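Taking it in order: structure first as C-alpha coordinates, then the write-up.
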Amino acid sequence: LGPQSLGHGGKIDLHRTVPFSMRWKWFVQQLFGGLRPIPGASALVKQAGHDTASLCGASRTDFQSLLGACPVLVYRGLINPKLCQESTQILLEGRFAEWRLGQDPDAPASDYTKIGYTKTDVLIQEGFRMTATSAAPEKYISSALETTKLLQKALGGDFFHALASKFAPLGISLQLEQCPLSQRPFLPCVVRRMEPGGRRKEGNIHMDTVVPGSTLSLNVYLNVPEMSGGELVLYPIRKDSLQRFLNSHFFETIDLQNFFPDKEFYTKEMLKEVEPIVYSPATGDVVFIDPAYPHAVRDFVVSEKSVGPTSRLSLQTFMQVSGSLEGNEELRLEYAV
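Shown next as C-alpha coordinates:
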(Lines of atoms letter the chains of each structure in order from A and count residues from 1; the text may use other names and numbers.)
(Lines give C-alpha, C1' and ligand atoms only; values in the text may rest on other atoms or scores of the structure.)
Protein backbone atom coordinates (compact mmCIF):
# COMPACT_ATOMS: atom_id res chain seq x y z
CA LEU A 1 0.00 0.00 0.00
CA GLY A 2 1.18 3.47 -0.86
CA PRO A 3 -0.64 6.76 -1.39
CA GLN A 4 -2.26 5.22 -4.47
CA SER A 5 -3.33 2.29 -2.33
CA LEU A 6 -4.44 -0.90 -3.98
CA GLY A 7 -6.73 -2.98 -1.80
CA HIS A 8 -8.41 -6.13 -3.13
CA GLY A 9 -8.20 -4.78 -6.67
CA GLY A 10 -9.76 -1.41 -5.88
CA LYS A 11 -8.08 1.99 -6.03
CA ILE A 12 -8.40 4.11 -2.91
CA ASP A 13 -9.03 7.82 -3.38
CA LEU A 14 -5.86 9.47 -2.11
CA HIS A 15 -7.54 12.77 -1.23
CA ARG A 16 -10.32 11.10 0.75
CA THR A 17 -8.40 8.47 2.68
CA VAL A 18 -4.88 9.82 3.26
CA PRO A 19 -4.31 12.83 5.56
CA PHE A 20 -2.73 15.88 3.94
CA SER A 21 0.38 15.52 6.10
CA MET A 22 0.99 12.02 4.76
CA ARG A 23 0.38 13.11 1.15
CA TRP A 24 2.89 15.91 1.64
CA LYS A 25 5.46 13.52 3.09
CA TRP A 26 4.96 11.21 0.10
CA PHE A 27 5.59 14.02 -2.38
CA VAL A 28 8.72 15.16 -0.49
CA GLN A 29 9.98 11.57 -0.50
CA GLN A 30 9.32 11.18 -4.23
CA LEU A 31 11.13 14.42 -5.06
CA PHE A 32 14.09 14.34 -2.67
CA GLY A 33 14.08 11.04 -0.80
CA GLY A 34 15.18 7.49 -1.45
CA LEU A 35 16.88 4.99 0.79
CA ARG A 36 20.63 5.33 1.09
CA PRO A 37 22.61 2.34 2.39
CA ILE A 38 25.28 2.78 5.05
CA PRO A 39 28.58 2.26 3.19
CA GLY A 40 30.36 -0.91 4.22
CA ALA A 41 27.69 -1.98 6.70
CA SER A 42 28.01 -5.59 7.88
CA ALA A 43 27.64 -7.95 10.81
CA LEU A 44 30.55 -8.34 13.21
CA VAL A 45 30.66 -12.04 14.11
CA LYS A 46 33.02 -13.33 16.79
CA GLN A 47 33.38 -17.06 17.47
CA ALA A 48 33.01 -17.63 21.20
CA GLY A 49 33.49 -21.36 21.56
CA HIS A 50 31.43 -21.31 24.79
CA ASP A 51 34.13 -19.17 26.40
CA THR A 52 31.92 -17.33 28.88
CA ALA A 53 34.89 -16.73 31.16
CA SER A 54 36.59 -14.32 28.77
CA LEU A 55 33.52 -13.35 26.74
CA CYS A 56 35.38 -14.50 23.61
CA GLY A 57 37.71 -11.53 23.49
CA ALA A 58 35.01 -8.88 23.51
CA SER A 59 36.33 -5.33 23.24
CA ARG A 60 35.21 -1.72 23.28
CA THR A 61 35.84 -1.71 19.55
CA ASP A 62 33.00 -4.23 19.16
CA PHE A 63 30.53 -1.70 20.49
CA GLN A 64 32.03 1.18 18.55
CA SER A 65 31.34 -0.93 15.46
CA LEU A 66 27.83 -1.82 16.69
CA LEU A 67 26.99 1.85 17.11
CA GLY A 68 28.50 2.60 13.69
CA ALA A 69 28.84 0.54 10.51
CA CYS A 70 28.16 -2.90 12.05
CA PRO A 71 24.62 -2.72 13.49
CA VAL A 72 24.65 -6.50 14.10
CA LEU A 73 27.14 -7.85 16.66
CA VAL A 74 27.28 -11.61 17.24
CA TYR A 75 29.09 -13.62 19.93
CA ARG A 76 28.60 -17.00 18.32
CA GLY A 77 28.17 -20.01 20.60
CA LEU A 78 28.76 -18.01 23.78
CA ILE A 79 26.26 -19.97 25.90
CA ASN A 80 27.22 -23.50 26.89
CA PRO A 81 25.13 -26.13 25.01
CA LYS A 82 24.24 -27.98 28.22
CA LEU A 83 22.92 -24.77 29.82
CA CYS A 84 20.93 -24.03 26.67
CA GLN A 85 19.37 -27.49 26.73
CA GLU A 86 18.53 -27.43 30.45
CA SER A 87 17.11 -23.90 30.39
CA THR A 88 15.03 -24.68 27.30
CA GLN A 89 13.42 -27.63 29.04
CA ILE A 90 12.47 -25.52 32.05
CA LEU A 91 11.24 -22.49 30.11
CA LEU A 92 9.13 -24.49 27.65
CA GLU A 93 7.13 -25.69 30.66
CA GLY A 94 6.22 -22.09 31.45
CA ARG A 95 3.03 -20.27 30.52
CA PHE A 96 3.51 -18.63 27.14
CA ALA A 97 0.95 -16.01 26.13
CA GLU A 98 -0.01 -14.64 22.76
CA TRP A 99 0.12 -10.90 22.49
CA ARG A 100 -1.51 -8.65 19.94
CA LEU A 101 -0.60 -5.29 18.42
CA GLY A 102 -3.38 -3.54 20.31
CA GLN A 103 -6.08 -4.03 22.94
CA ASP A 104 -8.71 -5.01 20.37
CA PRO A 105 -9.01 -8.84 20.32
CA ASP A 106 -9.12 -8.60 16.53
CA ALA A 107 -5.78 -6.79 16.39
CA PRO A 108 -3.05 -8.73 14.54
CA ALA A 109 -1.05 -11.16 16.66
CA SER A 110 2.70 -10.91 16.97
CA ASP A 111 4.78 -13.65 15.36
CA TYR A 112 5.81 -15.14 18.71
CA THR A 113 4.37 -16.08 22.10
CA LYS A 114 6.10 -14.93 25.25
CA ILE A 115 6.66 -15.18 28.97
CA GLY A 116 6.82 -11.79 30.65
CA TYR A 117 4.50 -8.85 31.26
CA THR A 118 6.28 -5.98 29.47
CA LYS A 119 6.13 -2.20 29.30
CA THR A 120 4.29 -2.57 26.00
CA ASP A 121 1.68 -4.76 27.73
CA VAL A 122 1.21 -2.01 30.33
CA LEU A 123 0.57 0.52 27.56
CA ILE A 124 -1.80 -1.74 25.61
CA GLN A 125 -3.72 -3.23 28.53
CA GLU A 126 -3.65 -0.41 31.07
CA GLY A 127 -3.29 2.62 28.80
CA PHE A 128 -0.34 3.80 30.91
CA ARG A 129 2.98 4.83 29.40
CA MET A 130 5.82 4.16 31.83
CA THR A 131 8.26 7.07 32.16
CA ALA A 132 11.49 7.85 33.96
CA THR A 133 9.62 9.88 36.61
CA SER A 134 6.45 7.86 37.24
CA ALA A 135 5.87 4.90 39.54
CA ALA A 136 5.70 1.58 37.73
CA PRO A 137 2.34 -0.24 38.06
CA GLU A 138 2.25 -2.90 40.76
CA LYS A 139 1.13 -5.55 38.28
CA TYR A 140 4.22 -4.92 36.17
CA ILE A 141 6.60 -5.01 39.15
CA SER A 142 5.13 -8.17 40.69
CA SER A 143 5.03 -9.93 37.31
CA ALA A 144 8.67 -8.94 36.71
CA LEU A 145 9.65 -10.56 40.01
CA GLU A 146 7.82 -13.78 39.14
CA THR A 147 9.40 -14.01 35.68
CA THR A 148 12.85 -13.19 37.07
CA LYS A 149 12.61 -16.13 39.47
CA LEU A 150 11.77 -18.43 36.57
CA LEU A 151 14.70 -17.08 34.55
CA GLN A 152 17.14 -17.57 37.40
CA LYS A 153 15.89 -21.13 37.92
CA ALA A 154 16.27 -21.90 34.21
CA LEU A 155 19.67 -20.26 33.78
CA GLY A 156 21.17 -21.28 37.11
CA GLY A 157 21.53 -17.69 38.30
CA ASP A 158 21.34 -14.11 37.07
CA PHE A 159 22.57 -14.32 33.47
CA PHE A 160 22.60 -10.56 32.92
CA HIS A 161 24.53 -9.92 36.13
CA ALA A 162 27.14 -12.46 34.96
CA LEU A 163 27.28 -10.76 31.57
CA ALA A 164 27.68 -7.37 33.24
CA SER A 165 30.70 -8.62 35.18
CA LYS A 166 32.42 -9.50 31.90
CA PHE A 167 31.70 -6.14 30.29
CA ALA A 168 32.69 -4.03 33.30
CA PRO A 169 36.48 -4.28 32.67
CA LEU A 170 35.83 -2.91 29.17
CA GLY A 171 34.28 0.25 30.58
CA ILE A 172 30.80 -0.92 29.56
CA SER A 173 28.20 -0.84 32.33
CA LEU A 174 25.07 -3.03 32.22
CA GLN A 175 22.42 -1.98 34.71
CA LEU A 176 18.89 -3.31 35.18
CA GLU A 177 16.35 -0.51 35.06
CA GLN A 178 14.44 0.13 38.28
CA CYS A 179 11.26 1.91 39.29
CA PRO A 180 12.29 5.56 39.79
CA LEU A 181 10.26 5.82 43.01
CA SER A 182 10.39 2.41 44.72
CA GLN A 183 13.73 1.26 43.24
CA ARG A 184 12.20 -2.18 42.62
CA PRO A 185 13.65 -3.95 39.59
CA PHE A 186 12.01 -4.04 36.18
CA LEU A 187 11.62 -7.09 33.94
CA PRO A 188 15.13 -7.95 32.68
CA CYS A 189 14.01 -9.71 29.51
CA VAL A 190 11.16 -11.52 27.81
CA VAL A 191 11.19 -15.18 26.79
CA ARG A 192 10.16 -15.58 23.14
CA ARG A 193 8.93 -18.75 21.50
CA MET A 194 8.64 -18.83 17.72
CA GLU A 195 6.96 -21.48 15.62
CA PRO A 196 6.89 -21.87 11.82
CA GLY A 197 4.27 -19.69 10.15
CA GLY A 198 2.59 -16.64 11.63
CA ARG A 199 4.69 -14.16 9.67
CA ARG A 200 5.37 -13.08 6.12
CA LYS A 201 7.97 -15.14 4.27
CA GLU A 202 10.37 -12.20 4.40
CA GLY A 203 9.42 -11.57 8.04
CA ASN A 204 7.38 -8.88 9.76
CA ILE A 205 9.68 -5.94 9.06
CA HIS A 206 9.59 -3.30 11.78
CA MET A 207 11.65 -0.79 13.76
CA ASP A 208 11.65 -0.53 17.56
CA THR A 209 13.02 2.98 17.89
CA VAL A 210 13.61 6.07 15.76
CA VAL A 211 17.21 7.23 16.21
CA PRO A 212 20.15 4.84 15.63
CA GLY A 213 22.56 4.46 18.51
CA SER A 214 20.00 5.28 21.20
CA THR A 215 18.75 1.75 21.93
CA LEU A 216 20.13 -1.76 21.47
CA SER A 217 18.30 -5.07 21.34
CA LEU A 218 20.00 -8.08 22.95
CA ASN A 219 18.91 -11.56 21.88
CA VAL A 220 20.10 -14.78 23.53
CA TYR A 221 19.29 -17.92 21.53
CA LEU A 222 18.65 -20.90 23.80
CA ASN A 223 17.18 -23.29 21.23
CA VAL A 224 17.34 -23.06 17.44
CA PRO A 225 16.24 -26.30 15.77
CA GLU A 226 17.65 -27.37 12.43
CA MET A 227 15.65 -25.38 9.90
CA SER A 228 15.48 -23.70 6.55
CA GLY A 229 14.85 -19.98 6.79
CA GLY A 230 14.63 -18.17 10.11
CA GLU A 231 17.40 -15.70 9.32
CA LEU A 232 17.68 -12.39 11.11
CA VAL A 233 17.51 -9.68 8.44
CA LEU A 234 18.45 -6.03 9.03
CA TYR A 235 18.48 -3.24 6.43
CA PRO A 236 21.34 -0.79 7.17
CA ILE A 237 19.98 2.46 5.75
CA ARG A 238 21.00 5.98 6.66
CA LYS A 239 18.72 7.46 9.33
CA ASP A 240 20.29 10.79 10.19
CA SER A 241 17.86 13.64 10.82
CA LEU A 242 17.81 14.70 7.16
CA GLN A 243 17.09 11.18 5.88
CA ARG A 244 14.39 10.67 8.51
CA PHE A 245 12.72 13.84 7.24
CA LEU A 246 13.04 13.12 3.53
CA ASN A 247 11.85 9.51 3.92
CA SER A 248 9.39 10.01 6.76
CA HIS A 249 6.54 8.50 4.71
CA PHE A 250 8.55 5.29 4.31
CA PHE A 251 9.47 5.09 8.00
CA GLU A 252 5.93 5.79 9.17
CA THR A 253 4.60 3.15 6.78
CA ILE A 254 7.06 0.60 8.21
CA ASP A 255 5.66 1.39 11.66
CA LEU A 256 2.08 0.77 10.52
CA GLN A 257 2.26 -2.09 8.02
CA ASN A 258 2.24 -5.00 10.49
CA PHE A 259 -1.22 -3.90 11.60
CA PHE A 260 -2.37 -5.02 8.13
CA PRO A 261 -0.82 -8.49 7.64
CA ASP A 262 -3.03 -9.27 4.63
CA LYS A 263 -1.79 -6.24 2.64
CA GLU A 264 1.28 -5.58 0.53
CA PHE A 265 3.15 -2.29 0.89
CA TYR A 266 5.42 -0.27 -1.36
CA THR A 267 8.12 -0.41 1.33
CA LYS A 268 8.90 -3.96 0.20
CA GLU A 269 9.95 -2.69 -3.24
CA MET A 270 12.08 0.09 -1.77
CA LEU A 271 13.93 -2.32 0.49
CA LYS A 272 14.81 -4.48 -2.52
CA GLU A 273 17.25 -1.70 -3.44
CA VAL A 274 19.18 -2.20 -0.19
CA GLU A 275 21.54 -5.13 0.47
CA PRO A 276 20.46 -6.48 3.87
CA ILE A 277 22.62 -7.88 6.62
CA VAL A 278 21.55 -11.52 6.99
CA TYR A 279 22.53 -13.77 9.88
CA SER A 280 21.33 -17.27 10.76
CA PRO A 281 21.32 -17.60 14.56
CA ALA A 282 22.29 -20.86 16.23
CA THR A 283 21.80 -22.26 19.72
CA GLY A 284 24.08 -20.46 22.17
CA ASP A 285 24.47 -17.26 20.17
CA VAL A 286 24.27 -13.83 21.81
CA VAL A 287 23.29 -11.17 19.28
CA PHE A 288 23.12 -7.40 19.64
CA ILE A 289 21.37 -5.30 17.00
CA ASP A 290 20.47 -1.66 16.59
CA PRO A 291 16.66 -1.91 16.31
CA ALA A 292 16.28 1.56 14.79
CA TYR A 293 16.91 -0.04 11.40
CA PRO A 294 14.20 -2.04 9.61
CA HIS A 295 14.61 -5.67 10.65
CA ALA A 296 12.74 -8.96 10.82
CA VAL A 297 12.99 -12.70 11.31
CA ARG A 298 12.21 -14.63 8.14
CA ASP A 299 9.69 -17.42 8.31
CA PHE A 300 11.13 -20.91 8.66
CA VAL A 301 10.45 -24.61 8.29
CA VAL A 302 11.87 -27.05 10.85
CA SER A 303 13.78 -29.94 9.32
CA GLU A 304 12.52 -33.48 9.86
CA LYS A 305 16.09 -34.28 10.90
CA SER A 306 16.00 -31.79 13.77
CA VAL A 307 16.55 -33.34 17.21
CA GLY A 308 14.95 -31.94 20.37
CA PRO A 309 12.32 -29.23 20.80
CA THR A 310 11.09 -27.73 17.53
CA SER A 311 10.38 -24.29 19.04
CA ARG A 312 12.83 -21.47 18.50
CA LEU A 313 13.43 -20.09 21.99
CA SER A 314 15.26 -16.89 22.91
CA LEU A 315 15.59 -14.18 25.51
CA GLN A 316 15.23 -10.57 24.39
CA THR A 317 15.69 -7.21 26.06
CA PHE A 318 16.17 -3.57 25.11
CA MET A 319 19.11 -1.50 26.31
CA GLN A 320 19.03 2.28 26.52
CA VAL A 321 22.40 3.73 25.51
CA SER A 322 24.12 6.61 27.30
CA GLY A 323 27.67 7.66 28.01
CA SER A 324 30.42 7.25 25.46
CA LEU A 325 33.23 5.04 24.20
CA GLU A 326 35.51 8.01 23.62
CA GLY A 327 38.81 7.84 25.50
CA ASN A 328 38.34 6.38 28.97
CA GLU A 329 34.65 7.25 29.23
CA GLU A 330 32.08 4.66 30.21
CA LEU A 331 29.33 3.34 27.95
CA ARG A 332 26.16 2.73 29.96
CA LEU A 333 23.53 0.21 28.89
CA GLU A 334 20.34 0.20 31.00
CA TYR A 335 18.20 -2.79 30.16
CA ALA A 336 14.57 -3.83 30.68
CA VAL A 337 11.43 -4.63 28.70
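Residue numbers (my numbering): 11 to 347.
For every residue, glycine included, the Cβ atom is placed at its ideal position computed from N, Cα and C.
Remember, predicted model here, so these are calculated numbers, not experimental data.
Check this for me: beta carbons of residue i and residue j, under 8 Å apart or not?
i    : j    : result
K35  : H259 : yes
T320 : L232 : no
L184 : F177 : yes
R105 : L335 : no
I151 : R194 : yes
L180 : A58  : no
V87  : D295 : Rather than Val, the amino acid found at residue 87 in this sequence is Gly. Yes, the Cβ-Cβ distance between G87 and D295 is below 8 Å.
L226 : L341 : no
I89  : V311 : no
In the DSSP output, what is residue i paired with across the bridge?
i    : result
T327 : L228
V84  : V55, V297
P235 : Beta-bridge pairing links P235 to no other residue.
E344 : Q185, Q330
M204 : R322
P47  : I247
R33  : Looking at the DSSP assignment, R33 forms no beta bridge with any residue, so it has no partner.
V311 : S238
K124 : A107, R202
A119 : R110
H305 : H216, L244
Below 8 Å on the Cβ atoms is my guess for residue i versus residue j; work out the distance and round it to an integer in Å.
i    : j    : result
L228 : Q326 : 7 Å
P198 : Y345 : 7 Å
P47  : P301 : No, P47 and P301 are not in contact; Cβ-Cβ is about 18 Å, not under 8 Å.
G126 : V234 : Not quite, the Cβ-Cβ distance comes to about 20 Å (not below 8 Å), so this is no contact.
L244 : I299 : 6 Å
Can we count residue i as close to the ligand GTP, meaning its CB is less than 7 Å from some heavy atom?
i    : result
V234 : Summarising the ligand content, the structure contains no ligands, and the ligand GTP is consequently not present.
Requested in this report: Quick one: which unbroken beta strand (DSSP E) runs of 3-plus residues sit fully inside the stretch 262-292? Chain order, please.
Outcome: Whole beta strand (DSSP E) segments, 3+ residues: 287-289.
Query - Completely contained alpha helix (DSSP H) runs for the stretch 154-200, where each covers 4 or more residues - result: Counting only runs of 4 or more, we get 169-177.
Query raised in the report: Does the stretch 271-286 touch the stretch 220-237, meaning 3 or more C-beta pairs lie closer than 8 Å?
Result: Judged by Cβ distances under 8 Å, the stretch 220-237 makes no contact with the stretch 271-286, as fewer than three pairs qualify.
Query raised in the report: Just checking, does the stretch 286-295 make contact with the stretch 164-179 on the three C-beta pairs under 8 Å criterion?
Result: Here the stretch 286-295 makes no contact with the stretch 164-179; the two share fewer than three CB pairs at distances below 8 Å.
Query raised in the report: Between the stretch 41-54 and the stretch 80-88, do three or more beta carbon pairs fall short of 8 Å?
Result: Because the criterion of three Cβ pairs below 8 Å is met, the stretch 41-54 and the stretch 80-88 touch.
Query raised in the report: Is it true that the stretch 136-147 meets the stretch 183-199, where meeting means three or more beta-carbon pairs spaced less than 8 Å apart?
Result: The answer is yes - the stretch 183-199 touches the stretch 136-147, with three or more Cβ pairs under 8 Å.
Query raised in the report: Between the stretch 119-129 and the stretch 207-216, do three or more beta carbon pairs fall short of 8 Å?
Result: At 8 Å Cβ cutoff, the stretches touch.
Query raised in the report: Touch check for the stretch 291-310 and the stretch 233-252: three-plus C-beta pairs under 8 Å?
Result: With the rule of 3 Cβ pairs closer than 8 Å, the stretch 291-310 counts as touching the stretch 233-252.
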